[in-house]
Amino acid sequence: MFIVTTSHHLHCKKRSWFGSVTRIRNIEKTKYYYSTRQCRWICQTRVATPVKTESIGFGTQNLVFGNIVTAMVTPFKGNGEEVDYTVAEQLAATLAANGSDALIIAGTTGESPTLTWSEQYELFTVIKGAVGGKAKVIAGAGSNSTEEAIEATRKAAKLGLDGTLHVVPYYNKPPQEGIYRHFKACAECEPDLPMMLYNIPGRTGINMTAETTARLSRIDNIVAVKEASGNIDQFSEIRRMTEPHFHMYAGDDSLTLPLLALGGSGVVSVASHFIGSQLQEMIKSYLTGNVNDALRIHIRYFPLFKALFSMANPIPAKKALQLQGWPVGPPRSPLTEATPEVEATLRSLMKELHLL
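When we follow my numbering, the leftmost residue of the sequence shown carries the number 1, and every step to the right adds one.
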């Protein structure tokens, strides 16, 4: 077994070619090889106990919203005519008891485009009451109208919610300066209410650049970004340009583990409707240095991550909840129900994962 030592992970003092202290712990019969071309150390050993990595410091301190933020579906009655607030309360309480640190209400997964503002405000109220202090409740307050977004932010503050999520203004495609001014106005209208930015260019038609995110991160109550661009380079640029206390969340469950390696804090998750505790275990394993354990969890549930996005979100998620017996109803038009093929895939996969 070959181990390339680093100054952060290992324990018994030796000096590397760069002068930093390299430490190795609990290793038997170790040999060191020097490479003048590559200037690195290589250790060869037969037996070595795993060494836990120390906390990186990025993304793990002063978490306002926790590690697992569930983007909650909105239950409907019948064919979607009315919001089912009773089922919403029950689902929220169940999520809070099974790994969700926070819930986003009336986001993309909550079908915000087809909810009225009065429906959204009622959801904020009943779900805040249902979870109490067991999970944070974040209002989906975004709009492509700055005036509407400000009004929703003020309403969320008045209702006692724990934060807001604001999507990049969609359809009207503002320039980066317009995006900055929009979010700044939303943040400053309620300076004591924490705010999470939401970048999802596949839905909004425009990408909020890392530079714009970094500018916004300097506003005191803008504490996080849900980065759903899927662009690993952009994740890295945001981390490079922002302070460690600014939190970066994956916008896709399948990118949670990779993003942790880039100093991310966690995920705004759909899969946490079903495996919130398992995702908590994955994140905890990674942050305590048990990377192989984290990877095993990621690999086990990776097919579920992909299946939940095999049609437009939240179509598969609602079908999966229905398979578990949750009466969440269908998505509202123009979304449709899951195809028979998607339903069959979800049923088979969930049985395999012991979720049915």
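Here a beta-carbon is modelled for each residue, glycine too, at the ideal position from N, C-alpha and C.
Residue burial is scored here from C-beta neighbours: Asp192 has fewer than 16 other C-beta atoms within 10 angstroms and is therefore classed as exposed. Taking all protein chains shown into account, Ile232 has fewer than 16 neighbouring C-beta atoms within 10 Å of its C-beta and is therefore exposed. Taking Glu188 as the centre and dropping the five residues before and after it, the same chain places the C-beta of Ile219 closer than 8 Å to its C-beta, in chain order. The residue among Thr256, Leu159 and Asn221 with its C-alpha nearest the C-alpha of Glu227 is Thr256. Non-local beta-carbon contacts of Pro201 in its own chain, meaning distances under 7 Å to residues more than five positions away in sequence, involve Asn207 and Ser229 in chain order. For Ser310, the secondary structure class from DSSP, reduced to helix, strand or coil, is coil. Within the same chain, and ignoring the five residues on either side of Leu262 in sequence, the residues whose Cβ sits closer than 6 Å to its Cβ are Phe235, Ser236 and Arg239. With a beta-carbon spacing of about 6 Å, Leu323 and Leu356 fall inside the 8 Å limit used to define contacts. Per DSSP, Lys284 lies in no beta strand (DSSP E) segment; the continuous alpha helix (DSSP H) that holds it begins and ends at Ser272 to Leu287. Using a C-beta cut-off of 8 Å, the stretch 341-348 makes no contact with the stretch 285-297, since fewer than three inter-stretch Cβ pairs fall below that distance. Taking a cut-off of 8 Å on C-beta distances, the stretch 125-141 does not touch the stretch 305-312, as fewer than three cross pairs fall below it. Put simply, the backbone Cα of Val167 is about 12 Å away from that of Pro113. About 17 Å separates the beta carbons of Ile275 and Tyr249, which is beyond the 8 Å limit, so they are not a contact pair. Secondary structure of Lys77 (DSSP, three-state): strand. Per DSSP, the unbroken beta strand (DSSP E) holding Thr164 starts and ends at Gly163 to Val167. Under the DSSP assignment, Ala210 falls in the alpha helix (DSSP H) whose first and last residues are Ala210 to Ser217.
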